[in-house]
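Residue numbers (the working numbering), protein chains in the order written: chain A, 1 to 579; chain B, 1001 to 1048.
Idealized CB from N, CA, C, for every residue including glycine.
These figures come from a predicted structure and were not determined experimentally.
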């Protein structure tokens, strides 16, 4: 359906912006300092990010709204379609697992967050019903569903008591009810962890909860309640992946857009006012530069993981500078809704610049508040909201809202990830195994595989592997774009050079991550006796190798297609392009 | 360094990269044309 440019901008923006621009930037700023992070965010979005997103949309628009896989079948080689299916499926598996892992940890560690998410689901269902069945006008629907979701997000932390450091000392009524649920679930294992994990980046929100983590050793307990919240999030995503899009995924996405926008705008106001009204809050405290390859703590036995700035920074900062997920959602979703070709740039490119602002906000958050992962985002947003409201929203309360906002931003995308994942699986395997064509079967297979990765527990490598495959996905999308531009005798330079840079960077980084996984888990005496962690690490290494092989095949076939179009006279080339 | 500079850098990036570079590619390489029918208009199947 042709959709107006402003509505499509909001939908596309919320579909692309998730944990990537938040956690990735914060992790990178902690490892290498904020200066290299901000440089890559700005150069990346200016020369690579917007070009990848916009081109994927426009290529699909010019090719009857076909997906990347279908276009590569026509332009590159028939087998490219199958190889892309395999690549996309395993890449989405990493994406879903990396995001689900953070969200479940957050829900487990922060009893003030789940209510807002439960109400988001209910308001999503209500919003779809009101808009499309009861035909209520969009403005009253927006007010009802967004205000009620926001109210639930506020009610979650309401009534909390804080200690002198600003940490939660006692939960409010909602938090206490959630704690009771957690305890009931945990009693199934007698209050013991199912297994223990480590997070060398200290990003895991459970580290701040003494019940779930030992601050001295950094060992995190994976409790039954963690699995319970993972299951809760999978049920949420199941609705988003399988119900008709208007019934759940779209209204949830719409609520998410408003909550994200409110977060960004309020924080920006705080960032502008801060230097004048609260200079201490607004000053950066994080190190600007921590070296090209900051030394990492050695694991027992003397080996240490490595984090060289090139290539690792460029995959740790996932979606804020460039992302392959955008190309997928742009070519299968957004391109088919574009009303005018000239909307392609403001929607496809413009949303990428919008997402860059979310990444810059996350960088600001960690630079003024310190900390890691979602916690740094929440603490920074809490400070900025406190400044923006002239102290009306107290600091710890603002932090709680930051956590809630983070969850909403990420979960609205994860439901779409499972949606694209089940479609990819059924198109890839469905021809051979007809049962997989059933959407419930393909969703359940996708979710079980995701859970296995989440359970493996070493979150930072899962994240970097997701980042690498995500950026490699972007490179492959740019590769198809380059071949397409060549086939139409257009100048492909603006896509070709970014593609080469991302292609080489991501393949090298995938090798580095596989090495880090091997060092940290497989040969590490602290974890190498835990079957699940070791199996998970091996599974990730196998996926890493698989992704590299797939990318090499696509690169080789793409190169040949490129030479084919290059050596052909124009008329013939346009004939092959199918126009 | 403080928070205000990040806002300034962000706004500058959008203004410069979007207006000077992105718009030029859209005009000269892709040559987007508001009169050319998009897939949404060609099919109007109500799916998606």
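Output needed in chain order: residues of the stretch 478-506 of chain A with a Cβ under 8 Å from some Cβ in chain B.
Going along the stretch 478-506 of chain A in chain order, one finds 485, 490, 491, 494 with a Cβ nearer than 8 Å to chain B.
Does DSSP put residue 575 of chain A in a helix, in a strand, or in coil?
The pLDDT assigned to residue 575 of chain A is 48, lower than 50, so where the model puts this residue is not dependable, and the model offers no usable value.
What is the C-beta distance between residue 463 of chain A and residue 230 of chain A, in whole angstroms, given that I count them as a contact (C-beta under 8 Å)?
Contact flag wrong, Cβ pair sits at about 16 Å.
So, residue 554 of chain A versus residue 48 of chain A, is the Cβ gap smaller than 8 Å?
No, these two residues do not count as a Cβ contact at 8 Å.
With H, G and I counted as helix, E and B as strand and the rest as coil, what does DSSP make of residue 283 of chain A?
DSSP places residue 283 of chain A in strand when its eight states are reduced to three.
From the DSSP output, which residues share a beta bridge with residue 222 of chain A?
The partner list for residue 222 of chain A (beta bridge, DSSP) reads A:195.
Which residues in the same chain have their Cβ closer than 8 Å to the Cβ of residue 93 of chain A, if we skip the five residues on either side of it in sequence?
Cβ neighbours of residue 93 of chain A beyond the five flanking positions: 421, 446, 449, 450, 453, 543.
My parser needs the alpha helix (DSSP H) runs of 4 or more residues fully inside the stretch 297-326 of chain A; what are they?
You should have 309-316.
Could you name the residues of chain A that residue 1033 of chain B contacts, counting a contact when the two beta carbons are closer than 9 Å?
Here the neighbours are 340, 341, 342.
How many angstroms separate the CA atom of residue 3 of chain A from the CA atom of residue 393 of chain A?
The alpha-carbon atoms of residue 3 of chain A and residue 393 of chain A are separated by roughly 37 Å.
Scan the stretch 434-492 of chain A and note each continuous alpha helix (DSSP H) run of 4 residues or more that stays entirely inside, going in chain order.
Entirely contained in the stretch 434-492 of chain A, the alpha helix (DSSP H) runs reaching 4 residues are, in chain order, 439-456, 459-487.
Is it buried or exposed for residue 204 of chain A, if we count other Cβ within 10 angstroms and need 16 for buried?
So residue 204 of chain A ends up on the buried side.
Is any beta-carbon of chain A found at less than 8 Å from that of residue 1002 of chain B?
It does; some Cβ of chain A falls within 8 Å.
Here's a check: name, in chain order, each residue in its chain whose Cβ is nearer than 6 Å to the Cβ of residue 275 of chain A, leaving out the five neighbours to either side.
The residues are 282.
Quick one: which chain B residues come within Cβ less than 8 Å of residue 364 of chain A?
Neighbours of residue 364 of chain A on chain B, chain order: 1003, 1006.
If the cut-off is 7 Å on Cβ atoms, which residues from the stretch 446-473 of chain A count as contacting chain B, listed in chain order?
Of all residues in the stretch 446-473 of chain A, none has a Cβ within less than 7 Å of some Cβ in chain B.
For residue 45 of chain A, decide whether its Cβ has a neighbour in chain B, counting only Cβ atoms nearer than 8 Å.
With 8 Å as the cut-off, residue 45 of chain A counts as an interface residue toward chain B.
Let's test the definition: count the other Cβ atoms within 10 Å of the Cβ of residue 78 of chain A and tell me whether it reaches 16, buried, or not, exposed.
Exposed, because fewer than 16 other Cβ atoms sit within 10 Å of the Cβ of residue 78 of chain A.
Among A:506, A:406, A:373, whose alpha-carbon lies nearest the alpha-carbon of residue 208 of chain A?
Among A:506, A:406, A:373, the Cα nearest to that of residue 208 of chain A is on A:373.
Here's a check: name, in chain order, each residue in its chain whose Cβ is nearer than 8 Å to the Cβ of residue 1014 of chain B, leaving out the five neighbours to either side.
Within the same chain, residue 1014 of chain B has no close Cβ partners at all.
Tell me the residue span of the beta strand (DSSP E) that contains residue 180 of chain A.
Counting along the chain, residue 180 of chain A falls outside any beta strand (DSSP E), though it belongs to the alpha helix (DSSP H) covering 173-186.
Can you give me the C-alpha to C-alpha distance between residue 155 of chain A and residue 267 of chain A, rounded to a whole angstrom?
C-alpha separation (whole angstroms): 21 Å.
Output, in chain order, the set of chain B residues within a Cβ distance shorter than 9 Å of residue 356 of chain A.
Result: 1010, 1013, 1014.
Could you pull out every residue in the same chain whose Cβ sits closer than 6 Å to the Cβ of residue 1005 of chain B, ignoring the five residues on either side in sequence?
Cβ within range, chain order: n/a, list empty.
Using a 10 Å radius around the Cβ and a threshold of 16 neighbouring Cβ atoms, would you call residue 197 of chain A buried or exposed?
Buried, since its Cβ has 16 or more Cβ neighbours within 10 Å.
Could you say which of A:478, A:494, A:519, A:533 lies nearest to residue 56 of chain A if we only look at CA atoms?
Minimum Cα distance to residue 56 of chain A is reached at A:478.
Examine the Cβ distances between the stretch 312-320 of chain A and the stretch 16-29 of chain A and report whether three or more of them are shorter than 8 Å.
Short answer: they touch.
Any beta carbon from chain B within less than 8 Å of residue 336 of chain A's own beta carbon?
Cβ-Cβ to chain B under 8 Å: yes for residue 336 of chain A.
Which residue comes first and which comes last in the beta strand (DSSP E) that contains residue 168 of chain A?
Note, residue 168 of chain A: beta strand (DSSP E), 168-170.
Since residue 357 of chain A and residue 380 of chain A are thought to touch, with beta carbons under 8 Å apart, how far apart are those beta carbons, to the nearest angstrom?
About 14 Å separates the two Cβ atoms, so there is no contact after all.
State the start and end residues of the unbroken alpha helix (DSSP H) segment that holds residue 391 of chain A.
Counting along the chain, residue 391 of chain A falls outside any alpha helix (DSSP H), and DSSP gives it neither H nor E.
Taking 8 Å as the threshold (C-beta atoms), are residue 309 of chain A and residue 34 of chain A in contact?
No; because the gap between Cβ atoms is not below 8 Å, this pair is not in contact.
Under 8 Å between C-beta atoms, does residue 33 of chain A make it to chain B?
So no, residue 33 of chain A is outside the interface.
What are the boundary residues of the alpha helix (DSSP H) that includes residue 140 of chain A?
Taken as a continuous stretch (DSSP letters only), the alpha helix (DSSP H) holding residue 140 of chain A covers 138-155.
Just to confirm, are residue 192 of chain A and residue 179 of chain A a CB contact at a threshold of 8 Å?
No. Outside cutoff.
If we cut at 8 Å on Cβ distances, does residue 282 of chain A have a partner in chain B?
With 8 Å as the cut-off, residue 282 of chain A counts as an interface residue toward chain B.
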